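Line by line, the protein sequences give chains Z and E.
When we follow my numbering, the leftmost residue of the first sequence carries the number 557, and every step to the right adds one.
When we follow my numbering, the leftmost residue of the second sequence carries the number 557, and every step to the right adds one.
Glycine included, C-beta positions come from ideal geometry on N, C-alpha and C.
The structure presented is a predicted model; accordingly, all values stated were derived computationally and were not measured.
Encoded as structure tokens, the structure appears first; notes follow it.
Number of protein chains: 2
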Amino acid sequence: MPMNSVGFLNDFVDTPALLINEPVLQKNLKTMAAYCKNTGIALRPHTKTHKCPEIARRQLDLGAIGLVCAKLGEAEAMAEAGLGPLLVANQVIGPLKMKRLLKLNDQVDISVCVGRVEHVEELIRTAEGANTILSVFIELEVGMQRCGAAGPVAALDLAKKISDAPRLEFRGVMGYEGHAVGTKDLVARHHKAETAHHELALAVAMIRENGIEVPVVSAAGTGTFNLGVDRDELTEIQPGSYCLMDSDYHGYENVCDHFELACTVLATVIDQVDRRIVLDVGLKSIATDQGLPVTRWREDIIPFEIHEEHYCMEAGEDNPVPRVGDRLELLPSHICATANLYDEFHVFREQSLIARWPITGRGRYT
Amino acid sequence: MPMNSVGFLNDFVDTPALLINEPVLQKNLKTMAAYCKNTGIALRPHTKTHKCPEIARRQLDLGAIGLVCAKLGEAEAMAEAGLGPLLVANQVIGPLKMKRLLKLNDQVDISVCVGRVEHVEELIRTAEGANTILSVFIELEVGMQRCGAAGPVAALDLAKKISDAPRLEFRGVMGYEGHAVGTKDLVARHHKAETAHHELALAVAMIRENGIEVPVVSAAGTGTFNLGVDRDELTEIQPGSYCLMDSDYHGYENVCDHFELACTVLATVIDQVDRRIVLDVGLKSIATDQGLPVTRWREDIIPFEIHEEHYCMEAGEDNPVPRVGDRLELLPSHICATANLYDEFHVFREQSLIARWPITGRGRYT
Chain Z
557 MPMNSVGFLN DFVDTPALLI NEPVLQKNLK TMAAYCKNTG IALRPHTKTH KCPEIARRQL
617 DLGAIGLVCA KLGEAEAMAE AGLGPLLVAN QVIGPLKMKR LLKLNDQVDI SVCVGRVEHV
677 EELIRTAEGA NTILSVFIEL EVGMQRCGAA GPVAALDLAK KISDAPRLEF RGVMGYEGHA
737 VGTKDLVARH HKAETAHHEL ALAVAMIREN GIEVPVVSAA GTGTFNLGVD RDELTEIQPG
797 SYCLMDSDYH GYENVCDHFE LACTVLATVI DQVDRRIVLD VGLKSIATDQ GLPVTRWRED
857 IIPFEIHEEH YCMEAGEDNP VPRVGDRLEL LPSHICATAN LYDEFHVFRE QSLIARWPIT
917 GRGRYT
Chain E
557 MPMNSVGFLN DFVDTPALLI NEPVLQKNLK TMAAYCKNTG IALRPHTKTH KCPEIARRQL
617 DLGAIGLVCA KLGEAEAMAE AGLGPLLVAN QVIGPLKMKR LLKLNDQVDI SVCVGRVEHV
677 EELIRTAEGA NTILSVFIEL EVGMQRCGAA GPVAALDLAK KISDAPRLEF RGVMGYEGHA
737 VGTKDLVARH HKAETAHHEL ALAVAMIREN GIEVPVVSAA GTGTFNLGVD RDELTEIQPG
797 SYCLMDSDYH GYENVCDHFE LACTVLATVI DQVDRRIVLD VGLKSIATDQ GLPVTRWRED
857 IIPFEIHEEH YCMEAGEDNP VPRVGDRLEL LPSHICATAN LYDEFHVFRE QSLIARWPIT
917 GRGRYT
């Protein structure tokens, strides 16, 4: 029971700290790259998980065809690092963002999503006003009840409008089956993913039947990266969490067979009474929206209560109680929301701290 | 029903953005300062809520005797801005933090908390090794079951040890009745606060009976700022959230009579189908640990689901449905955790954006 397998970091890394085990990260990146290469599907990883140019660069070096960003601000962070092509898998709206989009469009190959006529019209006005070409994906709503065109007919209408616009370039159609990705049961998840991809394929077919080329068809997250993606219509997948993983995802059948936990939060015991201990991490420094984090190697330590900067836990009977000053590794239950709380990753390999990677996309919500 | 009372910000502030209504903030600051002046209790506000030197400076300008910080990193942020005296209301542990504490101790009047003998011993070693004086508070556990000495006898033992150490200066005793602060019912909250302050007074009395001076006795948060603080033993209160407030606190009897909501998150509608709308804010940009945020002026808009960067809501029947591009103000349910997600406040007064205040303490968890 190695209570602190990263004890060599004690002299260099203060807590709480976000750690990356670099060989595990690299293994995850290679596993997904190899899967895509073997199955002939392109990989466009989502940067929303790590928001870190160094990890994005590794993904591109291993063959990814581009990056997906959740926000224009994240795309700016990647462009600042010289990375691309970029797809903002979101609706980009309003004059302030249009200015920033034009600036980015001069620097890097960037596409944005539309789901409604208003989105297309704003992009048309923007492209015409700037005398430039803007690249566009249609987002299709495939069952998540979030954003996107509601079905094939709505998608076709948007495709026509985009194709008719001299200053817009229609790049493809995207659907994100988040409702499937978040379904724990593998059979149900597989079924939902297949249904969503079928919806996507129907819309693409209708657009193509109307003489409009659809170069890219994009879908899937880490939970569905290999579920129902064997359709000819899908040209690429856009998983995010696979690189770092988290304890929630790692409980998922299919996912846990392929990827390992590469990222943990290092914490210090600051108080202890009987079997109860208090760690110097709280809901400001580790995400709790997917559940309370557990302790690596010490599953017997049960969460008691989490505060803003304190985590109160109780060590199981028959196990040693960690003492003040001891360090424990916590497994984030939601890595995307946890990494968003930090400015850097502390990266180690074997017994060495090899780098600190800035999370330059963090906090860039606009 | 003013759907967007901050529409004048449209040309300057992109969304999501954290807004401060400056006159409301200033009114909250003055209300608490006046309360403390009138009752003769000192005010040492907690910076964990705003982590923002500009707000801390205003608190000091209005008579606060110092600042409370949750972490050494927050104290560093305040010291960098030339602010103090500082009390880190937490146990500061380990050689890396000891180095930083010594550095801060050269720059500013700073105190840290201890709750166990190990904490005192590390501070003694540190102060002796550096040939300097370190200031110390004892934290007493007063019912929250978190950190601190367990009762008067344990506190007295620590006080003796601190007093006997030639290089430690004993500044006072602190108790935080978080379990009372978080109790919605006013009568129960008042009772818990009084009980906690009584525990604190007992410990202080025992220390004083043993001939040790206790200059400062500190307690209370925003929920208990005027509950049970009329004891002679309490010399100061340390509320945090009163400055900005949040919708959770504002639902509390007693609190809502004194303080108003000064801080909101501005969001844009990016998609809409029937009565359902999607905002460009999510759990990465607004805290959800105290419940889902509601929409200002539009209480009819009911939360449907929150994702990392999307907030799906449904407008009530008989009310207009916000359209793509419309902006809405959300009321954070937990302002401390929300402000921790942003790098700056956008500050407005009447119809003008008057400043952007950096949240320099954000992310400084160590």
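By DSSP, does D827(E) sit in helix, in strand, or in coil? strand
State yes or no: is the beta carbon of L839(E) nearer than 8 Å to at least one beta carbon in chain Z? yes
In chain Z, which residues lie with their C-beta within 9 Å of the C-beta of A612(E)? The premise fails here: A612(E) is roughly 17 Å from chain Z at the closest Cβ pair, so nothing lies under 9 Å.
If I measure Cβ to Cβ from G622(E) and keep anything under 7 Å in the same chain, skipping five residues before and after, which residues do I get? R600, G640, P641, L642, L643
Looking at chain E, which residues of the stretch 770-803 of chain Z have a Cβ within less than 9 Å of any of its Cβ atoms? none
Taking the alpha helix (DSSP H) that V743(E) belongs to, which residues open and close that run? 742-765
Hey, how far is the Cα of M557(E) from the Cα of L565(E)? Because the pLDDT at M557(E) is just 44, under 50, the model does not fix this residue reliably, and the value given afterwards should be weighed accordingly. The alpha-carbon atoms of M557(E) and L565(E) are separated by roughly 18 Å.
Spatial neighbours of T844(Z) within its chain, please: C-beta separation below 7 Å, excluding the five flanking residues on both sides. I862
I'd like to check one pair, L724(Z) with L581(Z): are the Cβ atoms closer than 8 Å? no
Helix, strand or coil at P579(Z) according to DSSP, with G and I counted as helix: helix
Reference M654(Z); option with closest CA among Q846(Z), E900(Z), H675(Z): H675(Z)
Please list the partners that Y732(Z) has in chain E, where partner means a Cβ-to-Cβ separation under 8 Å. Going along chain E, no residue has its Cβ under 8 Å from Y732(Z), so there is no contact; the nearest lies around 10 Å.
Which residues in chain Z sit within 9 Å of R702(E), going by Cβ to Cβ distance? D827, V834, E861, H863, H866, C868
Quick one: Cα of Y898(Z) to Cα of V668(E), how far? 24 Å
Contacting residues, own chain, Cβ-Cβ under 6 Å from A749(Z) (five flanking each side not counted): E733, A736, T780, L783, G784
In terms of residues, what are the limits of the beta strand (DSSP E) holding M924(Z)? Because chain Z here runs from 557 to 922, residue 924(Z) falls outside it and cannot be looked at.
Label E695(Z) either buried or exposed according to how many other C-beta atoms from any shown protein chain fall within 10 Å of its C-beta, with 16 as the threshold for buried. buried
Listing by chain order, which chain E residues have their CB less than 8 Å from the CB of C892(Z)? K840, E864
7 Å Cβ cut-off: residues of chain E touching R681(Z): Going along chain E, no residue has its Cβ under 7 Å from R681(Z), so there is no contact; the nearest lies around 13 Å.
How about the stretch 848-865 of chain E and the stretch 603-610 of chain E: do they share at least three Cβ pairs that are nearer than 8 Å? no
Applying the criterion that 16 or more other CB atoms from any shown protein chain within 10 Å of the CB defines a buried residue, is N896(Z) buried or exposed? buried
Verify the CB distance criterion: does M557(E) have a CB-CB separation below 8 Å to chain Z? Reliability fails at M557(E), whose pLDDT of 44 lies under 50, so the model's placement of it is uncertain and the value that follows must be treated cautiously. Answer no: the Cβ-Cβ gap between M557(E) and chain Z never drops below 8 Å.
For T751(Z), collect the residues of the same chain with a Cβ closer than 6 Å to its Cβ; drop the 5 residues on either side in sequence, then sort them by chain order. none
Inter-residue spacing [alpha-carbon to alpha-carbon] between G778(Z) and Y798(Z): The sequence shown places Thr at residue 778(Z), rather than the Gly named in the question. Their Cα atoms are separated by approximately 6 Å.
State the DSSP-derived secondary structure class of Y732(E), mapped to helix, strand or coil. coil
Continuous beta strand (DSSP E) stretch holding I910(E): start and end: 908-914
Under DSSP, the beta strand (DSSP E) around R905(Z) begins and ends at which residues? 900-905
Range of the contiguous alpha helix (DSSP H) that encloses Y921(Z): Premise fails: Y921(Z) is in no alpha helix (DSSP H) and is neither H nor E.
Should F568(E) be labelled buried (16 or more other beta-carbon atoms within 10 Å of its own) or exposed? exposed
Tell me the start and end of each unbroken beta strand (DSSP E) in the stretch 822-868 of chain Z that is at least 3 residues and wholly inside, in chain order. 832-835, 858-862
Does any residue of chain Z have a CB that is nearer than 8 Å to the CB of G917(E)? no
Go ahead and pull the three-state DSSP assignment for Q647(E). strand
Contact belief for K627(E) with C892(E) at Cβ below 8 Å, rounded distance in angstroms: Going by Cβ atoms, the distance from K627(E) to C892(E) rounds to 13 Å, so no, they are not a contact pair.
Just mark V743(E) as buried or exposed, buried being the case when its beta carbon has 16 or more other beta carbons within 10 Å. exposed
Would you give the residue range spanned by the alpha helix (DSSP H) that R681(Z) belongs to? 673-686
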